[in-house]
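Numbering (the numbering used here), first residue to last: 4 to 243. Below is one structure, written out as structure tokens; comments come after it.
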């Protein structure tokens, strides 16, 4: 299934760094590290330093401490998916556990690498009884063909304005230098329909049928994500 949209492909082309073809048995961490290594080899040192400083600023902003965590009730929401359908969290969790994943947008190669791994493992989530929902601050993408929309095996929702991300406490304001980079490369304000330069943490939750968060992964470093295998195991724990 082709997760990359035209915007995602353009983003990677802009970066001029393509990750090596992932091996079937590679972990999410290994796949992301491969891409990161390519960036380090080719990107100017001052740009690398700016990104590292940006991550440090986010980490020290207090957003990690404010975010919803294990034991908290997951705020309910209704958002639109890529096909224009409305998806409600409580309705979905009534059928079984929900794995809720935030991603920055289709312009982010790290996000696309992660979502491709999630896509390849959707059947394992379903076998464990869970539904997967991914949320982005981007406006509903109209560039996907009907075939691509139908090919998605999990919900990809648009949180335009980051209202739901704010309820979960996972949203932060980009440091000015990074916002400048993203605006120039990806026209972020147009993609998100918002000029506040808001993005979500690298965040993944497992939510039980009772609406309570049983597992939380929160990271200021967008280059790191919760392992897909860990999320699957956390879902299985709910059935024990």
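Glycine is no exception: its CB is placed at the ideal position from the N, C-alpha and C atoms. Source: prediction; values computed, not measured.
Taking just the CA atoms, how far does residue 104 sit from residue 138? 6 angstroms
Which full runs of the beta strand (DSSP E) of 3+ residues lie inside the segment 128-187, going along the chain? 134-139, 158-161, 174-176
If you draw a straight line from the alpha carbon of residue 188 to that of residue 229, how long is it in whole angstroms? 27 angstroms
Assuming residue 135 contacts residue 102 (C-beta within less than 8 angstroms), just tell me the rounded distance between them. 5 angstroms
Tell me whether residue 288 sits in a helix, a strand or coil according to DSSP, three-state version. A question about residue 288 goes unanswered here, because the residues of the chain that appear run from 4 up to 243.
Leaving out five residues on either side along the sequence, give the residues of the same chain with a beta carbon under 8 angstroms from the beta carbon of residue 79. 91, 92, 93, 214
Starting from the Cα of residue 164, find the closest Cα among 66, 202, 190 and give me that residue. 202
Alpha carbon to alpha carbon, what distance is there between residue 34 and residue 174? 25 angstroms
Between the segment 217-236 and the segment 118-135, do three or more beta carbon pairs fall short of 8 angstroms? yes
Residue span of the alpha helix (DSSP H) that contains residue 233, given as start and end: 231-241
Rounding to the nearest angstrom, what Cα-Cα distance links residue 143 and residue 197 in this structure? 13 angstroms
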